[in-house]
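Below is one structure, written out as structure tokens, with a few remarks after it.
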Amino acid sequence: NDRIRKELKNAEWIVFDEIGKYKKLMLAASDEYMHERAHDVDDVTNRIIRNIQDQKLYSKLEGEAIVVSETLTPADTVIFSRNMILGYATDLGGVTSHAAIISRALKIPAVVGLRHATKQIHTTETIAIDGYAGAIILNPTNETIEALRAKALRFRRFEEELVGLAELRAETPDHREIELSANIEFPEEVEFARLQGSEGVGLYRTESLLLGRETYPTELEQFEVYNKVAEGMYPHPVIFRTFDIGGDKLAPDSYHEDNPFLGWRGIRVMLDRPELFLDQIRAILRASSRRNVRVMFPMVSKMKEVRAAKEILARAKQDLAARGVPFDPKIKIGVMIEVPSAAILAEEIAQEVDFLSIGTNDLIQYLLAVDRDNSSVAALFQQFNPAVLRTIRMIVESGHKRHVWVGMCGEMAGDPVATVLLIGLGLDELSVNPAILPEIKKIIRSVKYRDARRIAVKILSYSTEEEIKEFLSSTIKNKVPQIPIE
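Rendered as structure tokens:
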């Protein structure tokens, strides 16, 4: 009301401007997951403005159609689904966007993040969509259409087999257990993760606490959130990743970096702001009294950072002990391995911590010198690049040599095509989007560990991504034929 009176602007404009500030904060975040959440803010804005104007959202589509757009809000996805929608294709977004998650829940194929779909596909043009392969086929032949229909039938049968898996262990037929956890960022996601069969939280993105704030949350504010998550997931473990933020969060109006992914972010920021770091570590420790909490440090690139973070942890323990506040004195600590230097130093780092977690999103970007937000080189962002796979093997072997378990929490962990390979590479834990948990569990329970080991050895002998993907595709068809992989 104050802004409306002072600026003589209508309510709709004020809503758009105020919520836009939150969107800018999310777009400035270094975490890709937070970037995707920024597009969901548009949905909130549109819904509030429609309510102010007493308007209703409805679809004008008639008959069967595939919707091609720059982006989709969750509301768009739901409204369109009430018509005869065959699928969605968008320029923007990722597999963890809310629109993608809703599409999956509604069993509607979606291919997101195509970048130029709206420029290359025209209204009334005949196209086919393969949501599983992430592909759009222009002017498909009758043979292609029939093949896709057969593939869709196989996938529906596979989905039916996932029912009832939530209560079962993620264990191979020859009794190799893989800890299957969820990546989340809000306490409200805990219940869904448990319903999906999660055995813990392998990555809790604590930077979600910073959204829409001009100051850092206090120790108490953080504790209340962390405690709610730990309580909701008990007795399963919860890994809280300390703030993985860029310097823009400390001085949003004046701070600028030409390349924030190679700049002041993650553990570097927090070690330079020890009082803020102490607040967060104390809050995490206070939530650990049930002994199901772990703490993980992001963007570590050298041993000095690991030891400095451990010193902050020790100081936080002393503070709480002096105050008589209960916490887990033996809380397990881990490090994200997402920088090549940390991968090379993995064995030494493993001597300092209790676990390692591979963050493939950044690791691949740094290993291959590819900015996947740059459309000119995005195709070079290859998770099955031999260099990436051999680096993962090196990290796993380094951790195991020091009797430390090794997990993975990047997007690769949630790719069904990669699951057999990751099992074979010896990973102890996979942390994925909750929506994909049943599918990954089904694959784990379908493939013997000894077979996965042989597959991994074979794949590591290849020198091109194309050879690896072709071999993986044929292997999955043989081992888990229900999955509709080309």
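Just so you know, we're using my numbering here: the sequence shown kicks off at 31 and counts up by one. Backbone N, C-alpha and C define an ideal beta-carbon position, used for all residues, glycine too.
Residue pairing for E459: DSSP places it in a beta bridge opposite E209, G437. If you draw a straight line from the Cα of E209 to the Cα of P203, it comes to about 15 Å. Pairing F414 with L398 gives a Cβ-Cβ distance that is not under 8 Å.
In this structure, the alpha-carbon of S428 lies about 17 Å from that of A486. When C-alpha distances from V477 are compared across P446, I466, N463, Y492, the shortest belongs to P446. Between S99 and S461, the C-beta gap is not smaller than 8 Å, which leaves the two residues out of contact. Within the region 237–264, the runs of alpha helix (DSSP H) at least 4 residues long that lie entirely inside it are, in chain order, 249–263.
Excluding its 5 nearest sequence neighbours in each direction, E219 has C-beta neighbours in its own chain below 8 Å: A212, P464, listed in chain order. In this structure, DSSP gives I138 a state outside helix and strand, which the three-state scheme calls coil.
The region 341–349 makes contact with the region 303–319; the number of CB pairs closer than 8 Å reaches 3 or more.
When A95, E42, R420 are compared, the shortest CA-CA separation from I79 is found for E42.
Counting only runs that start and end inside the region 166–228, the alpha helix (DSSP H) elements of at least 4 residues fall at 172–191, 220–225. Closest option to K54, judged by alpha-carbon separation, among E176, R243, K181: R243.
Note on the region 360–436: whole alpha helix (DSSP H) runs with a minimum of 4 residues are 370–374, 376–380, 390–398, 416–431, in chain order. If you draw a 10 Å sphere on the C-beta of D302, you find fewer than 16 other C-beta atoms in it, and that means exposed. In the DSSP annotation of this structure, S493 is not part of any beta strand (DSSP E), being labelled neither H nor E.
Restricted to the region 295–371, the beta strand (DSSP E) segments that are unbroken, complete and at least 3 residues in length are 323–327, 362–367, listed in chain order.
Per DSSP, the continuous alpha helix (DSSP H) segment holding V450 begins and ends at 446–454. Nearest to K431 by C-alpha distance, out of Q381, L451, I473, T421, is Q381.
A distance below 7 Å between beta-carbons, with the five flanking residues on each side excluded, links K362 to the following residues of its chain, in chain order: R324, D384, F385. At the C-beta level, I388 and G440 come within 8 Å of one another. Between R271 and M333, the CB-CB gap reaches or exceeds 8 Å.
Taking 8 Å as the cut-off, the Cβ atoms of P139 and G117 count as close.
For V97, the pairing in a beta bridge is given by DSSP as Y118. Taking the C-beta atoms as reference points, R199 is found no nearer than 8 Å to E189. Going by beta carbons, I269 and V330 fall outside the 8 Å limit.
Annotated three-state conformation of L292 is helix, per DSSP. The beta carbon of I394 is closer than 7 Å to those of F411, Q413, V418 in its chain, skipping five residues each way along the sequence. Taken atom to atom, the span from the alpha-carbon of L240 to that of S504 is near 45 Å.
Judged by DSSP in its simplified three-state form, Y234 adopts strand.
At the C-beta level, V259 and I275 stay beyond 8 Å of one another.
Non-local beta-carbon contacts of E469 in its own chain, meaning distances under 7 Å to residues more than five positions away in sequence, involve L192, P446 in chain order. In terms of Cα proximity to G93, the closest of V426, E368, T154, N391 is T154.
Taking the Cβ atoms as the reference, L455 lies roughly 6 Å from V426, within the contact range of under 8 Å. Around the Cβ of P267, a 10 Å sphere holds 16 or more other Cβ atoms; the residue is buried.
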